[in-house]
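Engineer: Please see the structure below; I have some questions.
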């Protein structure tokens, strides 16, 4: 039986995230994977603008802050300058798939030996719940109060499916953490995404479907249940595995 202990990679500091937000679970899994792979001393994270911009408060690893959307570009520079580092980005859907889409796609297309994590809660969480590239059809946001109309705003961007088609991508998966089984699956996906980099196979990507109770205007329990609705548009699974 494995003992449940506090990950050494996490600092002893309370998260600032809203009650019911899934960033905390994703943080815990990321810390566990870095610790179990034994890479804490050479891990290098890149935080960007969004709810997780204070990533450096919570992880006892080197972390830099990138301008909005430029995390994959900053991570590319760090990895090429210091190939021995285990470099990862931690970004929201607005950061990774909107303002940073070019950097994200080209890093994956080049097969950069980095690991990218995208937290997909279908809105701009930090800035007030505006429409994001992953907002669902019909979903109400502060900038689509009548709901997202695909004829006007287009359809949700399915990032995992896009990246899975790039030869430089060694691992690509979409996960959720709203049930215990899915938490275990998410951890395994993260482990493989890091192994893709550590074993020099290519770009690793994990997309987390995450609850955003405040901007969804739901309590924590109902928000976790709503993640199941997201899977109808964003199916869970491994889309590419070369690890």
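In this note's numbering, the protein residues as written are 47 to 289.
We put the beta carbon where it would ideally sit given N, CA and C, even for glycine.
Going along the chain, which unbroken runs of the beta strand (DSSP E) with 3 or more residues stay wholly within the stretch 205-231?
Structural biologist: 215-222
Engineer: Identify whether residue 287 lies in helix, strand or coil by the three-state DSSP scheme.
Structural biologist: Against the chain shown, residue 287 aligns to sequence position 241. In the structure shown, residue 287 sits in a strand (DSSP, three-state: E or B).
Engineer: Exposed or buried, which one is residue 144 when buried takes at least 16 other CB atoms within 10 Å?
Structural biologist: On the chain shown, position 98 is the one that residue 144 refers to. Burial check for residue 144: the Cβ neighbour count within 10 Å reaches 16 or more, so the residue is buried.
Engineer: Could you check what DSSP says for residue 55 in three-state terms: helix, strand or coil?
Structural biologist: For the purposes of this step, residue 55 is taken as the residue at position 9 of the chain shown. Note: residue 55 maps to coil in three-state DSSP.
Engineer: Taking only the alpha-carbon atoms, compute the straight-line gap between residue 203 and residue 220 and give it to the nearest angstrom.
Structural biologist: Residue mapping note: residue 203 aligns to position 157 of the chain shown, counting from 1. Residue mapping note: residue 220 aligns to position 174 of the chain shown, counting from 1. So the two alpha carbons sit approximately 13 Å from each other.
Engineer: How far does the alpha helix (DSSP H) with residue 80 in it extend, from its first residue to its last?
Structural biologist: The residue labelled residue 80 in the question sits at position 34 within the chain shown. Where residue 80 is concerned, the enclosing alpha helix (DSSP H) stretches over 69-82.
Engineer: Here's the rule I'm using: 16 or more other beta-carbon atoms within 10 Å means buried, otherwise exposed. How should residue 191 be labelled?
Structural biologist: Taking the chain shown and counting its residues from 1, one reaches residue 191 at position 145. It counts as exposed.
Engineer: For the candidate residues 249, 231, 224, whose alpha-carbon lies nearest to that of residue 66?
Structural biologist: What you label residue 66 is simply residue 20 of the chain shown in a count that begins at 1. The shortest C-alpha separation from residue 66 is found at 224.
Engineer: In terms of alpha-carbon separation, which member of 78, 212, 57 lies closest to residue 153?
Structural biologist: Residue mapping note: residue 153 aligns to position 107 of the chain shown, counting from 1. With distances taken between Cα atoms, residue 153 lies closest to 212.
Engineer: For the structure I just gave you, are there three or more beta carbon pairs, one from the stretch 83-101 and one from the stretch 119-137, closer than 8 Å?
Structural biologist: yes
Engineer: Going by beta carbon distance, what residues of the same chain come within less than 6 Å of residue 122, once the five residues before and after it are set aside?
Structural biologist: The sequence position of residue 122 within the chain shown is 76, counting from 1. Closer than 6 Å at the Cβ level, and outside the excluded window around residue 122, lie 153, 158.
Engineer: Going by other Cβ atoms of all chains shown within 10 Å of its Cβ, with 16 needed for buried, is residue 173 buried or exposed?
Structural biologist: As a first step, residue 173 is located in the chain shown; it is residue number 127 there, counting from the start. That one is exposed.
Engineer: Going by beta-carbon coordinates alone, are residue 98 and residue 138 separated by less than 8 Å?
Structural biologist: For the purposes of this step, residue 98 is taken as the residue at position 52 of the chain shown. For the purposes of this step, residue 138 is taken as the residue at position 92 of the chain shown. The answer is yes: Cβ separation under 8 Å.
Engineer: Measuring straight from C-alpha to C-alpha, what distance separates residue 120 and residue 94?
Structural biologist: By 1-based counting over the chain shown, the position of residue 120 is 74. By 1-based counting over the chain shown, the position of residue 94 is 48. Approximately 10 Å, taken between the alpha carbons.
Engineer: Could you have a look at residue 108 and say whether DSSP puts it in helix, strand or coil?
Structural biologist: Here residue 108 refers to the residue found at position 62 of the chain shown. In the structure shown, residue 108 sits in a strand (DSSP, three-state: E or B).
Engineer: How many angstroms separate the CA atom of residue 57 from the CA atom of residue 198?
Structural biologist: If you number the chain shown from 1, residue 57 lands on position 11. If you number the chain shown from 1, residue 198 lands on position 152. Computed Cα separation, rounded: 44 Å.
Engineer: Of all the options 278, 168, 247, 68, which has the alpha carbon lying nearest to the alpha carbon of residue 232?
Structural biologist: For the purposes of this step, residue 232 is taken as the residue at position 186 of the chain shown. For the residues 278, 168, 247, 68, the minimum Cα distance to residue 232 belongs to 68.
Engineer: Within 10 Å of its beta-carbon, does residue 286 have 16 or more other beta-carbons around it, so buried, or fewer, so exposed?
Structural biologist: The residue labelled residue 286 in the question sits at position 240 within the chain shown. With 16 or more other Cβ atoms within 10 Å, it is buried.
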